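Add 2 to the 1-based position in the sequence shown for the numbering used here, that's all there is to it.
The C-beta atom is built at its ideal place from N, Cα and C for all residues, glycine as well.
Just so it is clear, the structure is predicted and the values come from calculations on it, not from any experiment.
A short worksheet on the structure shown next.
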Amino acid sequence: MHHTMDSRKEVGQENHGYEINETALQILGDGQKVVHPVGQKDGDLQSDGKVIVMAGGDNSPHTTVLSEKEGKRSYFPNGDVIDQNTDRDLVLEKKEFDPDNCNFCARGIMLVQREIFDFYQDRMAQIWTSIGIGALLAFFAYFAYAMYYRFGDEGSIRLLVCTLLGVLILSQYCLRRHLVRLLAPVNNFLTNPKYEKIRQVTRWSLYVINTVVTVTLIIVLVALDTPKNLLSLAGLAAFIIICVVTSYSPAMIDWHPVFWGFAIQFYFAIIILKTRWGYESFKWLGDRISEFLSYSNAGASFVFGDSVTFYPVNAPEFTITGAYRLHFFAFTIMPIITFFSTVIAILYYLGVMQTITKVIGMFLSFCLGTTPAESLNAAGNIFVSMTESPMMIRPFLSKMTSSELHAVMVGGFATIAGGVLGVYIGFGVPADHLLSASVMSAPAALAISKITYPEIEIPVIRPEDYDKMEKTTEGNVIEAACNGAIASAKIIASVVVNVIAFLSLLNFLNATLTWFGDRVGLQNLSFELICSYVLYPAALFMGTEPDDCRQVAELVGIKTFTNEFIAYQKLSVLIKNREKYNEYVSIYGPNTTHMEGDDLVLDLQNGTKLIKGIMSHRSEIIATYALCGFSNFGSMGILLGTLSALAPSRRPTMAKLILRAMITGNIACFFTACIA
């Protein structure tokens with residue numbers, strides 16, 4: 003027995019160093035034998051690279067067939083499996099059905115099952131088509147009666163919008179081939195060399211028309227209404243000049259994607275911020291998202307507890323409901339990430355997210371002239387994070403030009419993920435502006451990236467590559483939901499440890515700066531104070547009220563050098579301060595406050611202090627847009643690690659581009675804030 007164990011250890015050390023124990027069956031190197039527990043036989047590798055392992059003893063009818071690859075699995079004599087490497091194909095042979103060993107009832111049931119299964123296999127497509135058509139007709143009948151029974155309230159509008167969205171997605175899925183055929187003449191016009199002169203005339207005509215319309219809208223909606231907001235135009239010009247001056251190759255800049263990227267962003271801002279129907283639509287959508295995310299409270303209250311009863315001495319007992327909210331960030335905000343990640347995973351499994359992303363990506367590619375991969379990535383960043391969106395374009399990454407890789411990185415830095423969108427909404431940041439900022443930053447990221455790093459190589463990715471998006475591998479919707487929930491654990495862990503780490507570092511940095519300042523007579527020197535002066539011009543050019551520029555600059559500095567979570571948390575404090583101040587003024591009047599440093603003191607409320615004071619509503623909106631992106635130094639490592647894993651051969655190129663992309667992502671956020 004002792005000799006056997008020693009020999010096993012020797013074999014294990016010679017073959018990949020795997021540890022051999024008494025119970026587990028360990029797969030060794032190629033061409034080696036399998037060492038079994040005492041009482042079982044060794045099995046040689048077959049010529050096809052597979053190992054036969056008797057899972058239940060020498061006389062067991064169960065046989066495990068394992069294909070030989072790198073890695074290992076542990077097989078126990080009772081047939082249990084411990085996965086130690088998922089990159090291994092396991093095929094378990096089934097026992098043959100022997101009718102002679104079954105009773106009459108079992109044999110009859112088995113035969114009926116086989117007949118039903120064969121019938122289903124032969125007519126699977128027709129069965130599911132019939133079920134789908136029946137379900138669709140039943141829903142339309144319900145929809146028609148619901149609209150007839152009650153129309154005009156919020157619920158009917160919600161049902162109408164969801165139905166229209168579902169019909170559009172279903173139509174795109176079912177009629178895709180027909181749409182390609184119908185759009186063939188348009189594609190021929192856009193690509194055929196003999197139409198080049200017509201395309202040139204059309205392009206320049208659209209440039210002129212768009213410029214005239216833009217200038218007219220600016221004069222009517224901005225110059226005549228709020229002329230001080232024209233300062234944002236100077237900011238746009240300043241940021242563009244900075245990008246051109248620092249461009250990798252200014253002479254190679256293609257101004258077509260730049261022009262139309264900014265145009266799309268401008269028109270989108272006009273619709274959201276300057277039209278009643280656009281504002282009300284996005285406000286309605288933001289309210290629905292906030293309502294949807296609030297369902298995460300059900301899981302949070304169950305796991306962390308909803309009520310706590312206190313038994314104070316010499317006082318009656320009392321109960322607090324919603325006790326989990328006492329630790330708001332950990333027990334209220336983090337469950338939102340789990341809930342939203344689960345929903346996104348389900349939508350990906352159903353193909354909804356791919357369809358929406360593909361449509362938006364094709365629209366951006368058509369308008370801006372960008373390639374499919376970078377356009378799809380920009381569209382994906384509206385909904386998912388910088389680490390998830392590149393997975394949709396995994397097949398393209400190794401073939402991308404440097405400019406395309408740069409655009410992918412900028413798109414990640416200039417937007418936020420849908421999961422953390424719920425976090426910021428939970429902080430109290432307006433949902434409608436967060437949502438519009440995510441959408442508006444997508445074309446801005448493509449436009450700015452094509453200035454700072456223009457296309458200097460010939461792209462090899464073509465429009466027909468849109469169908470090569472990464473597919474999900476889950477077997478059913480339950481597995482997709484489970485994987486989405488599990489995936490959120492990594493996000494939550496990353497968020498929590500980063501917030502703890504960076505808040506601690508920021509506190510240490512402020513204490514250190516205060517100490518150095520005290521040595522030379524500078525009081526209250528801090529990182530925020532330095533940022534408030536260094537980034538003051540950027541805040542001013544974005545159109546911030548002059549009195550609020552230092553506060554916005556401070557938030558931008560915190561976002562860039564730590565992360566956007568901390569910046570949005572501080573912004574939420576300022577938003578709540580303004581709400582408290584407005585409520586206070588409505589009762590006591592405006593001349594009953596005074597400033598103590600940066601804090602606003604409410605004299606008639608026992609000297610209540612509003613830490614860091616207040617900002618105007620417009621400055622809050624500008625800050626919301628300026629902070630809406632992952633462009634900070636911590637995210638550089640996250641994005642570089644993700645892209646390097648997806649395309650290892652391009653790691654050197656990505657490493658050279660990452661800092662430029664992060665700065666460009668910040669400028670894209672500033673550009674969105676200017677237009678807002």
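In this structure, S574 is the residue among S405, V163 and S574 with its C-alpha nearest to the C-alpha of A433.
Between M411 and L238, the alpha-carbon positions lie close to 22 Å from each other. Within the same chain, Cβ atoms closer than 6 Å to the Cβ of G667 are found at V412, F415, A416, G631 and S633, the five residues on either side in sequence being excluded. Note that the region 390-405 touches the region 456-463; at least 3 beta-carbon pairs, one per stretch, sit closer than 8 Å.
Our two residues, S621 and Y627, have alpha carbons roughly 10 Å apart in a direct line. Of the candidates H258, E293, K561 and A482, the residue whose Cα lies closest to the Cα of C369 is H258.
Distance from the CA of F529 to the CA of A483, rounded to the nearest whole angstrom, comes to 42 Å. The beta carbons of L378 and M394 sit about 6 Å from each other, so the pair counts as a contact at 8 Å. Sorting L233, A240 and Y209 by C-alpha distance to the C-alpha of I266 places Y209 at the top. Shown here for E459: same chain residues with a beta carbon closer than 6 Å to its own, the five before and five after excluded, namely T403 in chain order. Contact annotation: the region 548-562 touches the region 531-538, with at least three C-beta pairs closer than 8 Å. Secondary structure note for V498: its alpha helix (DSSP H) is the uninterrupted segment V479 to R521. Counted as a single uninterrupted DSSP element, the stretch harbouring E476 is not any alpha helix (DSSP H), since DSSP gives it neither H nor E.
Looking at the DSSP output, T218 sits in no beta bridge, so it has no partner there. By the Cβ rule, the region 648-664 does not count as touching the region 418-429, because fewer than three pairs are nearer than 8 Å.
Under the three-state reduction of DSSP, D120 is assigned to helix. When the beta-carbon positions are compared, K276 and L235 stay at least 8 Å from each other. Counting along the chain, the unbroken beta strand (DSSP E) around H596 starts and ends at T595 to E598. Within the region 331-358, the alpha helix (DSSP H) runs of at least 4 residues that lie entirely inside it are, in chain order, 336-352. DSSP places V603 within a strand segment (E or B) once states are collapsed to three. L612 has L602 as its beta-bridge partners, per DSSP. Rounded to the nearest whole angstrom, the C-alpha separation of S391 and L648 is 12 Å.
Judged by DSSP secondary structure, L531 falls within the alpha helix (DSSP H) whose first and last residues are F529 to V536.
Per DSSP, reduced to three states, the secondary structure at V203 is helical. The DSSP-derived three-state label of M402 is coil. When the beta-carbon positions are compared, T344 and A302 stay at least 8 Å from each other. With respect to F429, Q607 sits apart: the two C-beta atoms are not nearer than 8 Å. If the five residues before and after Y583 are omitted, its C-beta is found closer than 8 Å to the C-beta atoms of T595, L602, L604, L612 and I616, all from its own chain and listed in chain order. Between I624 and A675 the beta-carbon gap is near 5 Å, inside 8 Å, which marks them as a contact. Its chain contains I450, I453, T454, T666 and I669 as the residues whose beta carbon lies nearer than 8 Å to that of C245, once the 5 sequence neighbours on both sides are disregarded; these appear in chain order.
In the structure shown, the three-state DSSP call for E156 is helix. Remark: three or more beta-carbon pairs, one from each stretch, lie closer than 8 Å, so the region 437-450 and the region 379-386 are flagged as touching.
For Y570, the enclosing alpha helix (DSSP H) covers residues E566 to Y590.
Note that the C-beta distance between Q174 and V354 is not below 8 Å. Spanning the alpha carbons of Y122 and Q115 requires a straight line of approximately 10 Å.
By the CB criterion at 8 Å, G157 and I348 fall outside the cutoff.
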